[in-house]
Amino acid sequence: MAQKLPDIEKQALAPIDMVRYSGASGDFNEIHTVPKVARSKGFKEPIVHGMLLMGWAADALDEWFPGRKLTKFTVRFVGMAHAGEAFVIEGILTTDNAGELQIKDASGIGKLVGSFELEEWSV
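Residue numbers (the UniProt record's numbering): 1 to 123.
Here you go:
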């Protein structure tokens with residue numbers, strides 16, 4: 001019964017987007033905004049906030065299932081995401097009320113995997 005959900009494309013984040021998200025989230029760790037600091041910590045470039053990716057995943061669920069209530073949502077971060085990378089959100093509905101999703105970069109490298117359950121649909 002698995003049903004593939006429509007892919008959702010996310011444009012590359014600019015460095016200023018990372019600064020804005022830092023302000024919105026209150027997470028001012030410089031590994032997200034300052035290249036020199038990120039490199040000193042072992043990253044190739046500043047890394048995207050994990051909660052920003054999780055927010056994109058939640059938005060995807062709202063787009064795929066408007067009006068449905070989310071009863072369970074779990075994610076695991078599986079790769080570093082960087083400003084300048086474009087992303088795609090993919091999803092599969094595995095039952096009437098549950099499924100899996102993932103966020104990958106344009107090369108197909110995973111950044112986030114997750115699962116979700118929706119409240120039973122009633123008419």
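Every residue gets a Cβ at the ideal spot worked out from N, C-alpha and C, and that includes glycine. All figures in this text were calculated on a predicted structure; none of them were measured in a lab.
- Excluding the 5 residues flanking it on each side, W121 has same chain C-beta neighbours closer than 8 angstroms at R68, D96 and N97, in chain order.
- Using a Cβ-Cβ distance cut-off of 8 angstroms, the region 101-112 and the region 14-22 are not in contact, since fewer than three pairs of beta carbons, one from each stretch, lie closer than that value.
- The region 65-83 makes contact with the region 38-53, as at least three CB pairs between them are under 8 angstroms.
- K4 is not a Cβ neighbour of I89, given a cutoff of 8 angstroms.
- A buried status is given to K104, since no fewer than 16 other beta-carbon atoms sit within 10 Å of its beta-carbon.
- The beta carbon of E30 lies closer than 6 angstroms to those of V37 in the same chain, with the five residues before and after it left out.
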